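A.B. asks: Before anything else, here's the structure in question.
There are 2 protein chains.
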Amino acid sequence: MPGPPVVRIDLGSGAPAYAQIVAQLRALLVSGALAAGTRLPTVRQLAVDLGVHHNTVALAYRTLAEEGWLELRRGRGAVVVERQGPRASSRAQEEFSRRLEGLLAKAAADGLSPKAIVREFEALGRKLWKGKTP
Amino acid sequence: MPGPPVVRIDLGSGAPAYAQIVAQLRALLVSGALAAGTRLPTVRQLAVDLGVHHNTVALAYRTLAEEGWLELRRGRGAVVVERQGPRASSRAQEEFSRRLEGLLAKAAADGLSPKAIVREFEALGRKLWKGKTP
DNA sequence: ACTATTGTACACAGACATTGTACAAATATC
DNA sequence: GATATTTGTACAATGTCTGTGTACAATAGT
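Rendered as structure tokens:
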């Protein structure tokens, strides 16, 4: 039986390390790959794996805890909890729309074809909603 | 005859102002809404419109100039030029994949339904490739 | 020629990201 | 049960990033 899925970050990507950790763990949480009850690696363990300071991982965990994904307790660790997502706000909708537009434009500017972009989108969609809301 | 399309940024969105300007202008450039030969507003004019410092706009313009979209000259202004986009690198492909995954997961976590997400994706696709590469 | 316009250079202030270090709460060991 | 270990947290220090104030350089207009 495998341990929890691994996180890999890309230093030198511009994006802050803690934000990359948050983004990747959130993807695993949304997809259900990290189900309620799962215990995450300790902040120090994951920090060593990624080559960053444990406070950087701690900040990522705290961010996810504030979103309702994790429960954090000293001495125990980080555990995934049941979570009822919020209702979609128009704020979130607009934010998503603008960020997606920027991302697609950047991809096109970098030479990715519309076909390749659509393919990637569909692949990620299957990955994220793997049997959740088909 | 209308002037060039307007840019609107959202301070308090977390994203840096100059990055928002870059992202929105790049979207207009990719879609062809800003064609070669078009003259952009001066850095000071756009800065006043957006409520930021002109050096902030200048940084955005310089970023787009380095990507090959604009030609900048003192006294003249910023003009859109013909641009041959690069071939897609695997680096760009991976970058896009990870950013898109993070964005989709964030949207899902914020309560957006898969249906709403797909709808937005298709709408933006039509907007960005309006008659370019169908 | 001279003035106005326009992008640029550079130093400064504040916010943010990461780290070093020490601490507090829970658990494991004996 | 006392004690050591494990685990998340608090906080200051440092370097980087963002945005601004101000002055300058190059082009255009008169």
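Chains A and B, in that order, give the protein sequences. For the first sequence, the working numbering begins at 1 and goes up steadily by one. For the second sequence, the working numbering begins at 1001 and goes up steadily by one. From the three backbone atoms N, C-alpha and C, an ideal C-beta is built for every residue, glycine too. Only a predicted model underlies this, so the values are computations on that prediction, with no experimental measurement involved.
(1) Compare the C-beta of B:V1006 with all C-beta atoms of chain A and state if any pair is closer than 7 Å.
(2) How many Å lie between A:S31 and A:K130 at the Cα?
(3) Should A:E101 go down as buried or exposed, given a rule of 16 or more other Cβ atoms within 10 Å for buried?
(4) Should A:L142 be labelled buried (16 or more other beta-carbon atoms within 10 Å of its own) or exposed?
(5) To the nearest angstrom, report how far apart A:R26 and B:A1105 are at their CA atoms.
(6) At 4 residues or longer, and completely inside the stretch 1025 to 1073 of chain B: list those alpha helix (DSSP H) runs for me, N to C.
(7) Is any beta-carbon of chain B found at less than 7 Å from that of A:G111?
(8) Compare the beta carbon distance of B:R1039 and B:H1054 with 7 Å and say whether it is the shorter of the two.
(9) Starting from the beta carbon of A:R62, find every residue of chain B whose beta carbon is closer than 9 Å, and list them in chain order.
(10) Given that a residue counts as buried once 16 or more other Cβ atoms are within 10 Å of its Cβ, and exposed if not, what is A:P134?
(11) Round the Cβ separation of B:T1063 and B:V1022 to the nearest angstrom and send it over; I've been treating them as touching at under 8 Å.
(12) Quick check: is the beta carbon of B:A1107 nearer than 7 Å to any beta carbon in chain A?
(13) Determine, using beta carbons only, whether B:R1099 and A:L50 come nearer to each other than 7 Å.
(14) Taking 7 Å as the cut-off, decide whether the C-beta atoms of B:A982 and B:I1117 are in contact.
(15) Is B:G966 helix, strand or coil by DSSP?
(16) Should A:E66 be labelled buried (16 or more other beta-carbon atoms within 10 Å of its own) or exposed?
(17) Determine, using beta carbons only, whether B:G1111 and A:R87 come nearer to each other than 7 Å.
(18) With distances taken from CA atoms, which of B:L1059, B:Q1093 and B:A1015 is nearest A:K115?
(19) Using the Cα positions of A:G68 and A:P41, report the straight-line distance between them to the nearest angstrom.
(20) Less than 7 Å separating the beta-carbons of B:A1036 and B:E1071?
(21) With DSSP run on the structure shown, which of helix, strand or coil describes B:V1118?
(22) Helix, strand or coil: which one does DSSP assign to B:G1102?
(23) Would you say A:R76 lies against chain B (beta-carbon separation less than 7 Å)?
C.D. replies: Taking the structure as given:
(1) Here residue 1006 of chain B refers to the residue found at position 6 of the second sequence. For B:V1006, the answer is no, since every Cβ of chain A falls outside 7 Å of its Cβ.
(2) Translated into positions along the first sequence, residue 31 of chain A becomes position 31. Translated into positions along the first sequence, residue 130 of chain A becomes position 130. Spanning the two alpha carbons is a distance of roughly 6 Å.
(3) Locating residue 101 of chain A in the first sequence gives position 101, counting from the first residue. Per the 10 Å Cβ criterion, buried.
(4) Residue 142 of chain A is absent from the model: chain A starts at 1 and stops at 134.
(5) Indexing the first sequence from 1 puts residue 26 of chain A at position 26. Indexing the second sequence from 1 puts residue 1105 of chain B at position 105. Each residue's alpha carbon lies about 6 Å from the other.
(6) 1043 to 1050 and 1054 to 1066
(7) Here residue 111 of chain A refers to the residue found at position 111 when the first sequence is read from its first residue. True, the Cβ-Cβ gap to chain B drops below 7 Å.
(8) For the purposes of this step, residue 1039 of chain B is taken as the residue at position 39 of the second sequence. For the purposes of this step, residue 1054 of chain B is taken as the residue at position 54 of the second sequence. Not a contact, by the Cβ cut-off of 7 Å.
(9) Taking the first sequence and counting its residues from 1, one reaches residue 62 of chain A at position 62. Per Cβ cutoff of 9 Å: no residues; A:R62 is ~16 Å from chain B at best.
(10) Against the first sequence, residue 134 of chain A aligns to sequence position 134. Unreliable positioning characterises A:P134 in this predicted model, as indicated by a pLDDT of 46, which lies under 50. The coordinate reading is nonetheless provided below. The residue in question, A:P134, is exposed, as its Cβ has fewer than 16 Cβ neighbours within 10 Å.
(11) Along the second sequence, read from residue 1 onward, the residue named residue 1063 of chain B stands at position 63. Along the second sequence, read from residue 1 onward, the residue named residue 1022 of chain B stands at position 22. About 5 Å separates the two Cβ atoms, so the contact holds.
(12) One-based indexing of the second sequence puts residue 1107 of chain B at position 107. For B:A1107, the answer is yes, since a Cβ of chain A falls inside 7 Å of its Cβ.
(13) Here the question's residue 1099 of chain B lines up with position 99 in the second sequence. Here the question's residue 50 of chain A lines up with position 50 in the first sequence. No, these two residues do not count as a Cβ contact at 7 Å.
(14) The question about residue 982 of chain B has no answer here: the residues shown for chain B are numbered 1001 through 1134.
(15) The requested residue 966 of chain B does not occur in the structure, where chain B is confined to residues 1001 to 1134.
(16) Position 66 of the first sequence, counting from 1, holds the residue named residue 66 of chain A. Exposed.
(17) For this step, residue 1111 of chain B is matched to residue 111 along the second sequence. For this step, residue 87 of chain A is matched to residue 87 along the first sequence. Taking C-beta atoms as the reference points, B:G1111 and A:R87 count as a pair closer than 7 Å.
(18) Counting from one through the first sequence, the residue named residue 115 of chain A turns up at place 115. Among B:L1059, B:Q1093 and B:A1015, the Cα nearest to that of A:K115 belongs to B:Q1093.
(19) The residue labelled residue 68 of chain A in the question sits at position 68 within the first sequence. The residue labelled residue 41 of chain A in the question sits at position 41 within the first sequence. Answer to the nearest angstrom: the Cα atoms are 18 Å apart.
(20) Translated into the one-based positions of the second sequence, residue 1036 of chain B becomes position 36. Translated into the one-based positions of the second sequence, residue 1071 of chain B becomes position 71. Not closer than 7 Å, so no.
(21) By one-based count along the second sequence, residue 1118 of chain B stands at place 118. Of the three classes helix, strand and coil, the one that applies to B:V1118 here is helix, per DSSP.
(22) Locating residue 1102 of chain B in the second sequence gives position 102, where the first residue counts as 1. In this structure, B:G1102 counts as helix in the three-state DSSP scheme.
(23) Against the first sequence, residue 76 of chain A aligns to sequence position 76. No - not a single Cβ of chain B is within 7 Å of the one on A:R76.
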